[in-house]
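K.L.:
In my numbering, the protein residues as written are 229 to 316.
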Amino acid sequence: MNLSKMKYLSGMMLIGDGVAALVRPHRDVYAWHTGPAAWQGLMRYLDERPALTRAIGAAEIAAGMLLLGGKKPTVKQLVEDIPLGSAA
Numbered sequence: 229m230n231l232s233k234m235k236y237l238s239g240m241m242l243i244g245d246g247v248a249a250l251v252r253p254h255r256d257v258y259a260w261h262t263g264p265a266a267w268q269g270l271m272r273y274l275d276e277r278p279a280l281t282r283a284i285g286a287a288e289i290a291a292g293m294l295l296l297g298g299k300k301p302t303v304k305q306l307v308e309d310i311p312l313g314s315a316a
């Protein structure tokens with residue numbers, strides 16, 4: 229997978245997570261609760277502050293849009309690396 233496709237897919241994931249944080253901040257934080265104790269503490273902190281979680285979500289959307297900044301790849305470009313095995 230080339231860098232252009234990786235940037236595009238990363239941007240799309242950031243946008244999706246950002247929208248989830250805007251719409252349902254508690255649920256979005258809950259999805260990230262697993263991990264080391266320090267990470268769990270951060271997630272509890274964010275869970276108690278839905279406005280901050282929404283602000284972070286908006287920043288994720290902005291970062292995702294920056295990653296998408298260039299020309300959108302075609303479907304052909306996105307799937308060209310998918311291995312298609314021969315039916316033997």
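Virtual Cβ for every residue (Gly too), placed ideally from N, Cα, C. Note that the coordinates shown come from a computational prediction; the quantities given were computed from them, not determined experimentally.
Hey, Gly326 and Gly285: beta-carbon distance below 7 Å or not?
P.N.:
This structure cannot settle anything about residue 326, because the visible part of the chain is limited to 229 through 316.
K.L.:
Indicate whether the contact test is met: 3 or more Cβ pairs, each with one atom in the region 230 to 240 and one in the region 271 to 284, closer than 8 Å.
P.N.:
Contact between the region 230 to 240 and the region 271 to 284 is absent, because fewer than three Cβ pairs lie under 8 Å.
K.L.:
Starting from the C-beta of Gly292, find all residues in its chain whose C-beta is less than 6 Å away, skip the five residues before and the five after it, and write them out in chain order.
P.N.:
Start at 1 with the first residue of the sequence shown, and residue 292 comes out as number 64. Excluding sequence neighbours, Gly292 sits near Gly239, Leu242, Ile243.
K.L.:
Which residue from Arg277, Glu308, Val303, Leu295 puts its Cα closest to that of Lys235?
P.N.:
Within the sequence shown, residue 235 is the residue found at index 7, counting from 1. Lys235 has its Cα closest to that of Leu295, out of Arg277, Glu308, Val303, Leu295.
K.L.:
Measure the alpha-carbon distance for Ala248 versus Thr262 and round it to whole angstroms.
P.N.:
Residue mapping note: residue 248 aligns to position 20 of the sequence shown, counting from 1. Residue mapping note: residue 262 aligns to position 34 of the sequence shown, counting from 1. Cα to Cα, Ala248 sits roughly 18 Å from Thr262.
K.L.:
Ordered along the chain, which non-local residues of its own chain (more than five positions away) have a Cβ less than 8 Å from that of Ala287?
P.N.:
As a position in the sequence shown, residue 287 is number 59, starting the count at 1. Cβ within range, chain order: Gly246.
K.L.:
For Asp256, which residues in the same chain have their Cβ closer than 8 Å to its Cβ, ignoring the five residues on either side in sequence?
P.N.:
Residue 256 sits at position 28 when you count from the first residue of the sequence shown. Here the set comprises Asp245, Ala248, Ala249, Thr281, Gly285.
K.L.:
The alpha helix (DSSP H) with His261 in it runs from where to where?
P.N.:
Along the sequence shown, read from residue 1 onward, the residue named residue 261 stands at position 33. His261 -> no alpha helix (DSSP H), and no H or E assigned at all.
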